[in-house]
Amino acid sequence: MSGTTSGVIFSRTGEDTNMRIFRGKTLSFSIIWGGSAPLDITGYSARLQARDRGGALMLDLSTSNGGITIDGPGGTLSFAADPALTDQVLTAGRYEVEMSTAAGDVYRVISGGISPIEEIVQ
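Position in the sequence shown (first residue = 1) + 234 = our numbering.
Structure representation (structure tokens):
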């Protein structure tokens, strides 16, 4: 993770990067593919999906629906969700971010557990 995060708390457990979402709040964070030596991801698409333990979709962000934007030369994936979307994260589950090339190669970027933090102000 790099840059500013809003509406989310990340923690590491083994290979997982767990995400806690503030329900009903704006979500904004970015990931630099390649870390301190960013890789050019021009032409890639990306998708984040979060599902509850039963497999039901809770959150779906992608380059095609505008929830993810990509700065190709900078290797940066920026994620954004409005309060109505984050309000749909009702229970604990799993999430994964993947990127795809135009040639059809698919790469896992990050994954882990996801859980909601209930909002107080409504």
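Even glycine gets a Cβ: it sits at the ideal position worked out from N, Cα and C.
Asked                                                                                                     : Found
Neighbourhood of residue 288 by C-beta, 7 Å cutoff - its chain only, sequence neighbours within 5 removed : none
Sub-9 Å separation of residue 308 and residue 326 beta-carbons                                            : no
Alpha-carbon to alpha-carbon, residue 310 and residue 282                                                 : 14 Å
Nearest candidate by alpha-carbon position, reference residue 286, set 267, 246, 355, 324                 : 324
Rounded straight-line distance, which links the Cα of residue 353 to that of residue 268                  : 34 Å
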